[in-house]
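These notes concern the structure reproduced below.
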DNA sequence: TCCTGCTATGCAACTCGTTGCATAGCAAGT
DNA sequence: ACTTGCTATGCAACGAGTTGCATAGCAGGA
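Residue numbers (UniProt numbering), protein chains in the order written: chain A, 1 to 193; chain B, 1 to 193.
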């Protein structure tokens, strides 16, 4: 299980409340690990009991109080130990691939709209990623860096976030290309024209 | 939930026992949908109760009897209805991406071996896919097809399996390229040399 | 002979993930 | 005045997935 680890990473990048975490899991880290607010609250509570995170009650005006969580030493240690543990090649769940194979036993052309919807979703996400890349990873510290600054361990966090984002971009591009391939294949069946 | 649908597709492609299904879920369809024998037996039993599949007891010699499942009309209908239902853009779980972002708060270079392991796993799977492609999707019926045969709806099953496999190939290639990018990024940190 | 490993099926316990619902104050639009 | 929507947290129930274990016969190697 790695939701707790994803939460630790997110809290290390920036402390925040369960609610804020839930929203990060709709963007950013959420593109690589999904979680609902329910899971997050439940796991945060357990992590608090286990001493992985510290809580601070923050009164707010005009809105409910929030509990700001930050990573405790025990949490850092737990993350470190997880990082040093090898993990298995992750398991995949592609509903769409199952549908495509299943379409052979139904009307293949009926899948076209569905595939087009997915293609659009990937296109949107790609645009989103690219915008984020321009926003967060161009400018100061990126191209050649200032000649004086050593740059080496300077911003590991930033560079690692960037390489993960590049992975997301590559993934979306591949999906769009593949879905085009799927559409071309589906178009080869039943002359709906 | 779609395990039942994945099972229906697999049984339509070829009837078989729970055990055989479990092994298919380690190869072939399993690259797009994972399941253990436990899940499969449990779900198969429910599908039998619901009348989605038919069972035939097949005595064997030298080994235990097996129950061969095949898809019943109700199952076909259930699959068809699922195929016509739109599904959400699938949720992803990339442990490795979480690890990479987490490495910023630990020793990034310690991840290199892990990433190399994953790269190797993807390389192996790619080789496996490519071998399967040559084996199953070259030769009779593929390149231009015989001029006499209409070919259009002739082998939808085969063509759809092929396009899914091409997706797997594209995915593995993308991952290998991305992991190279990750390795290059990690190598930019801590001079372990 | 014993141990390992394969086919073949299954139970029980547990954890993880999902869905529906509930509370509660404030802001902003109709 | 009413409704919608946002921040913020949480319970309860259920369904899905994982892990450990059990049975049972046969094949093959040490």
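In this text, a Cβ means the ideal position worked out from N, Cα and C, and glycines have one as well.
Since the model is a prediction, treat every value here as computed from it, not as a measurement.
Please state the DSSP three-state secondary structure of residue i.
i, result
"residue 188(A)", "coil"
"residue 28(B)", "helix"
"residue 16(B)", "strand"
"residue 108(A)", "helix"
"residue 2(B)", "coil"
"residue 52(A)", "coil"
"residue 181(A)", "helix"
"residue 73(A)", "helix"
"residue 139(B)", "coil"
"residue 85(A)", "coil"
"residue 149(A)", "With a pLDDT of 44 at residue 149(A), under the threshold of 50, the predicted position of this residue should be treated as unreliable, though the coordinate-derived value follows. Coil, per DSSP."
"residue 124(A)", "helix"
"residue 144(B)", "Note on residue 144(B): pLDDT 49, under 50, position unreliable in the model; the coordinate value appears next. Three-state DSSP puts residue 144(B) in coil, outside helix and strand."
"residue 193(A)", "Unreliable placement is indicated for residue 193(A), whose pLDDT of 46 sits below 50; no coordinate value is reported for it."
Quick check: the Cα distance between residue i and residue j, rounded to an integer number of angstroms?
i, j, result
"residue 133(A)", "residue 103(B)", "20 Å"
"residue 156(B)", "residue 189(A)", "8 Å"
"residue 249(B)", "residue 83(A)", "No answer is possible for residue 249(B): the residues shown for chain B start at 1 and end at 193."
"residue 79(B)", "residue 181(A)", "24 Å"
"residue 26(B)", "residue 172(A)", "26 Å"
"residue 146(B)", "residue 160(B)", "Low local confidence applies: a pLDDT of 46 at residue 146(B) is under 50, so the model's placement there is unreliable, and no value is given."
"residue 5(B)", "residue 116(A)", "21 Å"
"residue 178(A)", "residue 53(A)", "42 Å"
"residue 28(B)", "residue 164(A)", "28 Å"
"residue 92(B)", "residue 184(B)", "24 Å"
"residue 105(A)", "residue 12(B)", "8 Å"
"residue 67(B)", "residue 35(B)", "19 Å"
"residue 138(B)", "residue 170(B)", "18 Å"
"residue 128(B)", "residue 31(B)", "11 Å"
"residue 17(A)", "residue 60(A)", "12 Å"
"residue 207(B)", "residue 55(B)", "The structure shown does not extend to residue 207(B), since chain B is modelled only from 1 through 193, so no value can be given for it."
"residue 168(B)", "residue 44(B)", "27 Å"
"residue 42(A)", "residue 2(A)", "14 Å"
"residue 51(A)", "residue 23(A)", "24 Å"
"residue 107(B)", "residue 125(B)", "29 Å"
"residue 86(B)", "residue 174(A)", "22 Å"
"residue 99(A)", "residue 9(A)", "35 Å"
"residue 7(B)", "residue 122(B)", "25 Å"
"residue 110(B)", "residue 96(A)", "36 Å"
"residue 70(A)", "residue 76(A)", "10 Å"
"residue 151(B)", "residue 187(A)", "Note on residue 151(B): pLDDT 41, under 50, position unreliable in the model; the coordinate value appears next. When rounded, the distance between both Cα atoms is 13 Å."
"residue 162(A)", "residue 81(A)", "24 Å"
"residue 38(A)", "residue 21(A)", "11 Å"
"residue 176(A)", "residue 101(B)", "25 Å"
"residue 49(B)", "residue 65(B)", "20 Å"
According to DSSP, which residues form a beta bridge with residue i?
i, result
"residue 57(A)", "67(A)"
"residue 33(B)", "93(A)"
Below 7 Å on C-beta distance, what does residue i contact in chain A?
i, result
"residue 72(B)", "Ordered by position in chain A, no residue passes the 7 Å Cβ test against residue 72(B), which lies about 13 Å from the chain."
"residue 161(B)", "101"
"residue 115(B)", "In chain order: nothing, as chain A lies at least about 10 Å away."
Would you mind telling me which residues of chain A sit closer than 9 Å to residue i, beta carbon to beta carbon, in chain order?
i, result
"residue 106(B)", "76, 79, 80, 83 and 84"
Anything in chain A within Cβ reach of residue i, meaning under 8 Å, just list it in chain order.
i, result
"residue 87(B)", "95, 96, 99 and 114"
"residue 121(B)", "89"
Using a Cβ cut-off of 8 Å, pull out every chain B residue sitting near residue i, in sequence order please.
i, result
"residue 166(A)", "178 and 181"
"residue 92(A)", "31, 32, 33 and 34"
"residue 156(A)", "103, 104, 108 and 189"
Beta carbon of residue i: closer than 6 Å to some heavy atom of the ligand NAD?
i, result
"residue 83(B)", "Within the structure as shown, the ligand NAD is missing, as the structure has no ligands at all."
Against chain B: residues of the UniProt domain "Transcription regulator PadR N-terminal" (7 to 80) of chain A by CB proximity under 8 Å: Answer set for the UniProt domain "Transcription regulator PadR N-terminal" (7 to 80) of chain A: 8, 9, 12, 13, 29, 31, 32, 33, 34, 76, 79 and 80.
Relative to chain A, which residues along the stretch 126 to 137 of chain B have a C-beta separation below 9 Å, given in chain order? Flagged: no residues at all.
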